[in-house]
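**Q**
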Amino acid sequence: MKKPLSWKFLLCILPVLGVPAGVGAQLYIQGTTVHISPNALLHSNDDVTNTGGGTLINEGMLSTSGSITNSGSATLQGNGRYKLAGDWQNSATFSAGTSTVNFVGPANSMVTSGGDAFHILEMTKAVANLTLADDLGIGRRLEFLSGQNKILLPGKTLAIGSGGDIRGYDINNYIVTGSDGELIKSDLGDNGFTFPIGFDLSSYNPMVVRQHGTSGPLGVRCHEQHFANGSSGMPLSSEVVDASWEITRASAGVNDLEVTLLWELEHELAFDRNDSAVGFWDGANWDYGALPGSQATILGSTTYSQTRTGISGTGLLGVRSGMSLVDAHDARATSSALIVYPNPFAEKLTVLHASGKIWLYTLSGQLVMQIDPGYGPGFSVPTEIDLGHLPAGIYLLKTTGMNGLPVSTRLIKMAR
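UniProt numbering puts the first residue of the sequence shown at 1, with every later residue one more than the last.
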């Protein structure tokens, strides 16, 4: 077992020399006060522990190849820099002041904040990640300074303060929310704020939010796919960006949000970016706003974005192409679920395996026909419909399948 350093000698030389001091063993402070002067460097090759009512005042640089632990009614404070390759473990009192916590080294690290926020957090690891063990606040800045660093939020919240920002993010450096983590920014304002988030270690889907209305804290996360029922149900597999975003919290009165969603080419599933729109799930339905859609913005060789204004409150967001004003988040028809022939058609259309009313819409959302064959779920009778009077174009047919669930398919009407 490594012997903890005795502070009787070091306490004497630090204030006098004001120069770097090296500690070969574990740095262990218990029930005493240690002061690192401005411009001084104290480095430990092992863990740093402040406990038993000890006080560590860092106005210079505290560096360790291991972890920093602050526990047992101890106090860690000062405006200096903390540089560590291991974990940050705080269960006592940490007063950040204007200090910087810098994570370095080749291994993954974990943060237990104990409810005390950082002022500045820097990521300078080689190819490694930082995981939150509890919720963490950052008052001034989060900055990615290395090649491939990610911050993981497994069911935790990372909150950026009112005057804070995030820098250095890109497709290799971002915040992984999963389906239950949350990135919060206080008081966005009209200038906009980029939430550099992704669902997992290989999916980067940032979002930019501008708050034109009442300002307040806003929380977001990213989901793995674009689901039929918001965050649940069957994932959509065609004409969709294979991801969804969620506004998880918005203070009372927060409204009029302008949201820009970003994605990579690899996330597009049979997607037409020339006719795309951002949908908002309000808890019951997907609403894709004014249609037809518009062309997505090209931000790079493989990066695209689409914007939606007038968003209010919390809810899911997703991007689809070729959408109509009707709520078509039901299952896509398959040959066994619904048979429609001929398709394309010129005059008459036969529908088989429908079980209930049949609705026909234009892609702009106009209902052009409603038919009730007069039978309920579980019955299947061929229904012939005369549609020769309709102009040529693409239509959406909606009905109920044999299992009682809604189903839809597209129809192509040719000129007679």
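Think of the CB as a built atom: it goes at the ideal place given N, C-alpha and C, for glycine as much as any other residue.
(1) Grab me the residues of ALA333's own chain with a C-beta within less than 6 angstroms of its C-beta, minus the 5 sequence neighbours each way, in chain order.
(2) On a CA-only basis, which of ARG221, TRP263, PRO373 is nearest LEU183? Give me that one, please.
(3) Suppose contacts are defined by Cβ-Cβ distances below 9 angstroms. Is LEU84 in contact with MET61 by that definition?
(4) Rounded to the nearest angstrom, what separates LEU411 and PRO344 at their Cα positions?
(5) Assuming contact is defined by CB atoms lying nearer than 9 angstroms, are ARG167 and LEU188 in contact in what I supplied?
(6) Among GLU122, ILE311, GLY198, TYR395, which has the Cα closest to the Cα of ASP165?
(7) Use the C-beta contact count for VAL127: other C-beta atoms within 10 angstroms, 16 or more gives buried, fewer gives exposed.
(8) According to DSSP, which residues form a beta bridge with GLU266?
(9) Report the three-state DSSP secondary structure of ILE385 (helix, strand or coil).
(10) CB ASP256 to CB THR309, shorter than 9 angstroms?
(11) Could you have a look at LEU121 and say whether DSSP puts it in helix, strand or coil?
(12) Indicate whether ALA107 and LEU136 have their beta-carbon atoms separated by less than 9 angstroms.
(13) For THR302, does the three-state DSSP call read helix, strand or coil?
(14) Within the same chain, show all residues whose beta-carbon is closer than 7 angstroms to that of SER73, passing over the 5 residues directly before and after it, in chain order.
(15) Taking the beta strand (DSSP E) that TYR361 belongs to, which residues open and close that run?
(16) Cα-Cα, which of ILE197, GLY198, GLY161, GLY178 is closest to SER186?
(17) Measure from the alpha carbon of ILE151 to the alpha carbon of each residue in MET110, ASN191, ALA117, then state which is nearest.
(18) In whole angstroms, what is the alpha-carbon distance linking THR51 and PHE199?
(19) Along the chain, where does the beta strand (DSSP E) that runs through ALA250 open and close?
(20) Would PRO38 be called buried (16 or more neighbouring beta carbons within 10 Å of its own) or exposed?
(21) Are there 16 or more other CB atoms within 10 angstroms of the CB of MET207, so buried, or fewer, so exposed?
(22) For ASP46 and SER65, what's the separation of their Cα atoms in angstroms?
(23) Cutting at 6 angstroms between CB atoms, please list the residues of its own chain near SER305, excluding the five before and the five after it.
(24) Work out the CA separation of ASN172 and LEU145 for me, nearest whole Å.
(25) Residue range of the beta strand (DSSP E) that GLU347 falls in?
(26) Please classify GLY80: is it buried, with 16 or more other beta-carbons within 10 angstroms of its beta-carbon, or exposed?
(27) Exposed or buried, which one is ARG141 when buried takes at least 16 other CB atoms within 10 Å?
(28) If you drop the 5 nearest sequence neighbours on each side, which residues of the same chain put their C-beta closer than 6 angstroms to that of GLY31?
(29) Have a look at VAL240 and TYR341 and give me their C-alpha separation to the nearest angstrom.
(30) What residue does the beta strand (DSSP E) around PRO206 start on, and which one ends it?
(31) Taking the Cβ atom as the reference point for each residue, do LEU269 and SER231 lie within a distance shorter than 9 angstroms?
(32) Just to confirm, does ASN58 get its C-beta within under 8 angstroms of one of the non-hydrogen atoms of the ligand NAD?
(33) What are the start and end residues of the beta strand (DSSP E) that includes PRO235?
(34) Along the chain, where does the beta strand (DSSP E) containing LYS156 start, and where does it finish?
**A** Concretely, from the data shown:
(1) With a pLDDT of only 46 at ALA333, under the threshold of 50, the placement of this residue in the model should not be trusted; the figure read from the coordinates follows. Excluding positions up to five away in sequence, the list reads VAL407, THR409.
(2) ARG221
(3) no
(4) 6 angstroms
(5) no
(6) GLU122
(7) exposed
(8) Answer by DSSP bridge pairing: none, since GLU266 is not bridged.
(9) strand
(10) yes
(11) strand
(12) no
(13) coil
(14) GLY53, ALA92
(15) 358-362
(16) GLY161
(17) MET110
(18) 37 angstroms
(19) 244-250
(20) exposed
(21) buried
(22) 6 angstroms
(23) THR260, LEU262, THR297, LEU299
(24) 11 angstroms
(25) No beta strand (DSSP E) holds GLU347; DSSP gives it neither H nor E.
(26) buried
(27) buried
(28) GLY52, GLY53, GLY54
(29) 26 angstroms
(30) Premise fails: PRO206 is in no beta strand (DSSP E) and is neither H nor E.
(31) no
(32) With respect to small molecules bound, the structure shown includes none, and the ligand NAD cannot be examined in it.
(33) 232-235
(34) It is not in any beta strand (DSSP E) - LYS156 carries neither H nor E in the DSSP assignment.
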